[in-house]
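Sequential numbering from 343 applies to the sequence shown in the working numbering.
Worksheet: one structure, shown below.
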Amino acid sequence: MPTSGTRRHQGHCERDLKIVSANVRGFHTNVGELTHRFVQANKADIVFVCETFLDNNVTSGYARIKGYSSWVRKDRSTLGGGVALCFKNSLRVVVLDTPIPADLEVIIWNVCGDKDVGILCVGCYRPPSQGTVLIDYLLTNLDRLMTDHHCKFVIFLGDLNQQGIQHSFDSLLAVFNLQNYVSFPTHRSGSSIDPVVTDLPSHEIQCSSMGPVGSSDHEAILTKITFKRPRDESITRTLWQWESADWCQLRNSLEQTDWESVLQGDVDQQVEQFTETLLSVQNRWVSHKQHRTKATDQPWFGPQCCTASNDKYRAWRRYKRHPTRHNRTLLRAATARLVTTQAWAREQWEECLRKKLRGGNVGSKQWWGLVKDAQGEAHESSIPPLIQADGTTVHLTKDKVDLLAQHFARKMTVPDPSRAPPSLPVVAGGKLTSFSLSEAEVRSSLSALEEVKAVGPDGVSPRVLRRCSKELTSPLTKLFRAILHHNQWPRLWKTSHVVPVHKKGSRSEVTNYQPVSLLSVISKVLEGIITQRLTTHLEEQYLLSERQFGFRKGRSAADLNLLLVNEWSDALDQGRPTAVLALDIVGAFDRVWHPALVERLYAAGLSGGALKLLRHYLLERHLKVVHNGLQSPPCNIEAGVPQGSVLGPLLWNIYVNDLLNLVPSAKAYADDVTVSVSFAPGDETSTISHLNTILHCLEIWGRRWQVSFAPHKTHLIVVSRTRHDIRLFFDGAFLAPSKELKILGVTYDDKLTFKPHIMQLARTAAGQLASLRRISWLLDNRRRELLYKAQIRSTLEYSCLAWGGAAPSHIAVLDKVQRRAERIIWDGQQRQPGALQCLQHRRDVAGLTTFFKAQVRRTPHLNQLRQAERRTEVFTRTVAAEPGALALHRSHSTHHQRQFTQVYTRLWNCLLASDSCPNHLTNNTVGLQRFKVLVHRWLSSVRDSDTED
């Protein structure tokens, strides 16, 4: 993208785009100062001004700035107002000729970037008395404009006077995932009414005030957009052509292999020989080639483009050596051929991609793979330059992986690894002394592997294991039995390739990444079988707390969120405040103390070979960070369970199980522990004492088991309609109540309004809609709808039963997001009736289904939601009680009437009274799926009848 300046640094280059925007309050009066003090002094690329006060009597060439285009204007037909735009002649700017309502003072232009994918810019002036017509226009037309003109990002600037329409303005930001980067006063009154709103990444945009333009009472704003591109080294990858593999010959080779001679020696030798044999057969019968790529390579840049690029480079070298007219002509011709070839290659690639996405098996793994490739932001490093402890920055991939590996290795330690763990009594009634397996289990596990999963450090592909499961079952069973007999975990399987995953915060901070391990696929097959045996033992002995929801069959984070909200809202309706603590365990999975975990396994009834095998599984592990085809040297792991393993989550649940036994008011999902205590309004002192006692017990427990809590990341809120001064002391720090906290992806505020959470949900879904919009031209309506349902609607519905009791005005924002999705899906075409179900309808189906599991199926962890039946049949003038109808508790507030148990108790009674309800519904003879279908039909018929009325 042509910009005012380009800066090059090691590993990347930066290019800037500068925009000056100002309310000039009279163009004639202030254009001189605008030109010299603001535009030329800052080398602005684009200038947008509003309230120009110009009319048709002023010529188009008036006050043109040297080196810039003529002013593009939209004057007001009456006195005042007006907007104008100019830009550098060298900049690729297209002013859009699109229908805009006559009463809107708006100019829309496209700043074209590389591959003609640019930024849609909207400059506007909204008079204070105009209302929401501008916001309504943008909500309706923005996606169409961005799709039609291939714009990746959008930016609004000008004078919006948004304080008069703050709710609509906030809705616009949420629905399109936009951020206002003007946080400083822009008007003499001290208000900020000249926003710069965009969906550009925060690290790429910076806004600053430049002072008023002449006699204007508004501040001029300088917006600087910085585009960074990596200049990383090339990497070599092995590309396996699985579609052309000779699977028949591969199976025959495996079947004819003398596995008895391969599986000789100790466990490590057997695993290494098995792996080498399998890889040699794979290399022989699966075509593959080495491909050298750069982070900036485009998918359409094929051999023809490479040849044209080399021809241009040779012509450039020739011209540099001999700058003759003939050589300059040859260089221009080579450049023109390269441009033409690239345009042809990109067009061919796009047409091929369009055919693949619009044809074939919709929703298949191959189809989803193509979709994700097309949705990729760019073919560049996903990790920006990283900041080291001494403040210096590393740019090259090799330096990044080394830095991340050192950071992860430091995390995976405990303060005193040599200390002996506390002794625990055996609490299990039964013993688990060894693990066993059958060929049928191995065959079933191999057949269930997902072919598209990543390959582990040993290079064995899950495709080969699954497609050759029949031939590999017998040798793998023998190998696994040798491991279980010797109780030794193979050395080859103890090295993990770690992928750094960004959590939150700045992507340049090493501490904001967490490790996810890629392990050997064969290792994970054996882990899965062992996990089943261990889980069965723990469940039969009732050794896992019922208040642990993480990695438990039939339980989810949504269930825990619903139970927490139900408890807090009931207390709130009764006038009882609830103190809620969200604990943060430092490192969690990465800092599991191995000897202590072995002690806990012993207390849970493991002994003999089973205990010896799991102890060996934990010891002497190594990690290598891999990124962009490069890997770090191996680093020792002294603590932790591998994230990404099959066995790791269960081992974590065992490790922290007694924490939940220690604190009866705690509930957990994996390492997210929540403690909540309700109290009477006058019992603040005793509640503070009780909570401080809990926190002190947690400190003692943490020191005993070398588990560290982070007080600065431990959050406290008091759910109440009034203010309560509760201050706690935890590990040397004071905890004061905050306005909101986040638990398992849901943001809770102290009044349980859920407004912050819903606005964040809308923003997240809006960001995903932007990805859908960018590839919408490749897809037809049906495939756009599939993507919306799979990628975006699931976001809008995450833990929806917990926050579904929010005010309708808050939830309406999510309906706006779905309406935006409908405009993208059908692209101005006639929408098919009933194609997208109402979000409230889907929440009601989910709510009644959960209510059914609690009320009829008696799901144990949902007991808290179960309601009592009416003891007598009570008749009123309007409704007769049905057999099996439930008692509805009285609510003291409208807020409580919207909560889960109240809403779905009423709906449940209505369902029982309807003709759609089978008589045996309450006898637990109706299956869950059949119940969902029944509820869907009943709710649809009710809504249809309401619409007719």
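No residue lacks a Cβ here, since even glycine has one placed at the ideal position from N, Cα and C.
Bear in mind the structure is a predicted one, so any value in this text is a computation, not a measurement.
Contact set for residue i: own chain, Cβ-Cβ below 6 Å, skip 5 residues either direction
| i | result |
| --- | --- |
| VAL628 | TRP582 and ALA587 |
| GLY1278 | Per the sequence shown, residue 1278 should be read as His rather than Gly. Excluding positions up to five away in sequence, the list reads VAL1187. |
| LEU746 | PRO842 and VAL967 |
| THR683 | GLN646, CYS647 and ALA650 |
| LYS954 | ASN829 |
| THR735 | PRO727 and ILE729 |
| TRP691 | TRP642 |
| ALA899 | TYR1011 and LEU1086 |
Beta bridge counterpart(s) of residue i as assigned by DSSP
| i | result |
| --- | --- |
| ILE547 | ILE567 |
| ALA1012 | Paired residues: none, contrary to the question. |
| PHE1076 | PHE1071 |
| LYS845 | Answer by DSSP bridge pairing: none, since LYS845 is not bridged. |
| GLN521 | THR540 |
| LEU359 | ILE567 |
| CYS977 | LEU965 |
| ILE449 | GLY465 |
| CYS330 | The structure shown does not extend to residue 330, since the chain is modelled only from 343 through 1291, so no value can be given for it. |
| LEU972 | HIS969 |
| ASP1091 | GLU1082 |
| ALA562 | GLY553 |
Three-way DSSP call (helix, strand, coil) for residue i in this model
| i | result |
| --- | --- |
| CYS810 | coil |
| GLU719 | Residue placement at GLU719 is poorly supported in this model, since its pLDDT is 44, which falls under 50; the coordinates still yield a value, given next. Three-state result, GLU719: coil. |
| LYS416 | strand |
| CYS493 | strand |
| THR920 | strand |
| ALA364 | strand |
| PHE395 | coil |
| ASP501 | strand |
| HIS737 | coil |
| ALA946 | coil |
| ASN384 | coil |
| THR482 | helix |
| GLN856 | strand |
| HIS1231 | coil |
| GLU888 | coil |
Where residue i falls, given that 16 or more other Cβ within 10 Å makes a residue buried
| i | result |
| --- | --- |
| PHE1273 | buried |
| GLN1206 | exposed |
| VAL768 | exposed |
| ASP932 | buried |
| ARG1165 | buried |
| TYR1246 | buried |
| LEU1004 | exposed |
| VAL362 | buried |
| GLY1189 | buried |
Whether residue i touches residue j by CB criterion (8 Å)
| i | j | result |
| --- | --- | --- |
| VAL907 | ALA1144 | yes |
| GLY986 | SER787 | no |
| PHE1071 | ALA952 | no |
| ASP501 | GLU393 | yes |
| GLN1133 | GLN1160 | no |
| ARG1069 | PHE1076 | yes |
| VAL1155 | SER510 | no |
| PHE369 | PHE390 | no |
| VAL756 | TRP935 | yes |
| ALA1008 | VAL1017 | yes |
| TRP413 | CYS428 | yes |
| LEU914 | VAL1061 | yes |
8 Å Cβ shell around residue i - same chain, five flanking residues per side excluded
| i | result |
| --- | --- |
| THR1089 | GLU1082, LEU1083, PHE1096, PRO1098, HIS1099 and GLN1102 |
| SER1283 | SER1258 |
| SER1287 | none |
| LEU712 | LEU695, LYS698 and LEU699 |
| LYS820 | TRP601 and LEU605 |
| ARG764 | In the sequence under discussion, the amino acid at residue 764 is Pro, which differs from the Arg named in the question. Correct list, in chain order: ALA938, GLU941, ARG1046 and TRP1047. |
Cβ neighbours of residue i in the same chain (closer than 7 Å, five flanking residues each side left out)
| i | result |
| --- | --- |
| HIS958 | ASN829, GLN830 and TRP831 |
| ARG593 | CYS810 and GLU813 |
Residue i beta carbon near the ligand HEM (any heavy atom closer than 7 Å)
| i | result |
| --- | --- |
| ALA747 | What this structure holds is no ligand at all, so the ligand HEM is not there to describe. |
Interface flag, residue i vs chain C, CB-CB below 8 Å
| i | result |
| --- | --- |
| GLU693 | Considering every chain present, this structure includes no chain C. It has just one protein chain. |
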